[in-house]
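The next block holds one structure in the form of structure tokens; read it before the comments.
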Amino acid sequence: MAACHPETITMSQHLLIIDPQNDFCDLPTAALPVTGACRDMARLAKLIEQHGPALDAITVTLDSHHRYDIAHPAFWRGPAGEQPLLCPITLADVDAGRWLPADPALLPAVRHYLQHCALFVWPPHCLTGSWGHNIHDGLNQALQQWECQRLRTVQYLFKGLNPLTEHFSAFEADLPLADDPATRFQPQQVAALVAAQRVIVAGEALSHCVASSVRSLLRHLGTDFARKLVLLSDCSSPVPGFEAQAADFVAEIRQFGAQISPSTALFA
3 MAACHPETIT MSQHLLIIDP QNDFCDLPTA ALPVTGACRD MARLAKLIEQ
53 HGPALDAITV TLDSHHRYDI AHPAFWRGPA GEQPLLCPIT LADVDAGRWL
103 PADPALLPAV RHYLQHCALF VWPPHCLTGS WGHNIHDGLN QALQQWECQR
153 LRTVQYLFKG LNPLTEHFSA FEADLPLADD PATRFQPQQV AALVAAQRVI
203 VAGEALSHCV ASSVRSLLRH LGTDFARKLV LLSDCSSPVP GFEAQAADFV
253 AEIRQFGAQI SPSTALFA
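In my numbering, the protein residues as written are 3 to 270.
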């Protein structure tokens, strides 16, 4: 990597990296590996190393969960005390007693949630303080170097800390909660993205958190915001089995005016 030194830039470009964490990378002990994610992170790190002076700002979102979470097994119990894994839970399941919250006091909240949102139980992942929560090492090194080079800090946004709602989008929970502002869309969190001339998007997984995050931005800021978006096609991959959903998302934002580009062509 180059030595730390300040740079002068002339364009307003903001790199938005969604959940570039170990648990989503195709590493041996990752909880939810996305095929191709390690290669995505390597290409993204190379982009930052080679073109750091052209990037005005970098925002990194971090999926951040407790082990006890509505989308993790520990939250639920079956009739024999078993816990679910890698399966949906519906309102019908709860009403039939197939799956119930381990804490019976949460039954009304759970029923309300399932009336409004779909739910899938994942392996525990991105547990705060764990190896899986950490940023992929190669990318993290590039981010640290960028801070030295640009004499400014990466902005980190934590999402998912409320155990009573899923939080695919970086900017709002699947079901925002009245008593937790962190689960609701907050304009001040995206002010720098709004101010940028170009917002470059990368991260994992394309089919889930990347798609949900971008859709949140378009829902709250208007679809014209898509015209300043560039999705790095070689720095984001779908969850295996969800390739069609990822393709639908890419087609959707392209229709609104977003650009789709490999990282190697971004500054060509």
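Positions of the beta carbon are idealized from the N, C-alpha and C atoms, including for glycine.
State the Cα-Cα distance for the pair residue i and residue j, rounded to the nearest angstrom.
i: residue 127; j: residue 80; result: 21 Å
i: residue 97; j: residue 216; result: 34 Å
i: residue 21; j: residue 170; result: 10 Å
i: residue 261; j: residue 17; result: 14 Å
i: residue 165; j: residue 179; result: 11 Å
i: residue 117; j: residue 99; result: 16 Å
i: residue 206; j: residue 56; result: 23 Å
i: residue 122; j: residue 106; result: 20 Å
i: residue 220; j: residue 189; result: 13 Å
i: residue 195; j: residue 257; result: 20 Å
Excluding the five sequence neighbours on either side, which residues of its own chain have a C-beta within less than 6 Å of the C-beta of residue i, listed in chain order?
i: residue 50; result: 144 and 148
i: residue 276; result: As displayed, the chain neither begins before 3 nor continues past 270, which places residue 276 out of reach and without an answer.
i: residue 47; result: 140, 141 and 144
i: residue 54; result: 148 and 151
i: residue 119; result: 176 and 177
i: residue 247; result: 209
i: residue 218; result: 171, 173 and 174
For residue i, I'd like the list of residues in its chain whose CB is within less than 7 Å of its CB, leaving aside the five on either flank, ordered along the chain.
i: residue 103; result: 77, 78, 109 and 112
Let me know the secondary structure DSSP gives residue i once reduced to three states.
i: residue 172; result: coil
i: residue 182; result: coil
i: residue 72; result: coil
i: residue 160; result: strand
i: residue 232; result: strand
i: residue 127; result: coil
Rounded to the nearest angstrom, how far is the Cβ of residue i from that of residue j, given a contact under 8 Å?
i: residue 239; j: residue 38; result: 4 Å
i: residue 259; j: residue 213; result: No, residue 259 and residue 213 are not in contact; Cβ-Cβ is about 17 Å, not under 8 Å.
i: residue 58; j: residue 198; result: 7 Å
i: residue 75; j: residue 86; result: 6 Å
Open item on the list: Would you call the stretch 131 to 151 in contact with the stretch 19 to 31, where contact means no fewer than 3 C-beta pairs closer than 8 Å?
Closed with: Taking a cut-off of 8 Å on C-beta distances, the stretch 131 to 151 touches the stretch 19 to 31, as three or more cross pairs fall below it.
Open item on the list: Using a Cβ distance threshold of 8 Å, determine whether the stretch 151 to 165 contacts the stretch 62 to 73, with at least three qualifying pairs required.
Closed with: yes
TODO: Give a yes or no on contact between the stretch 178 to 189 and the stretch 200 to 214, applying the rule of three or more CB pairs nearer than 8 Å.
DONE: no
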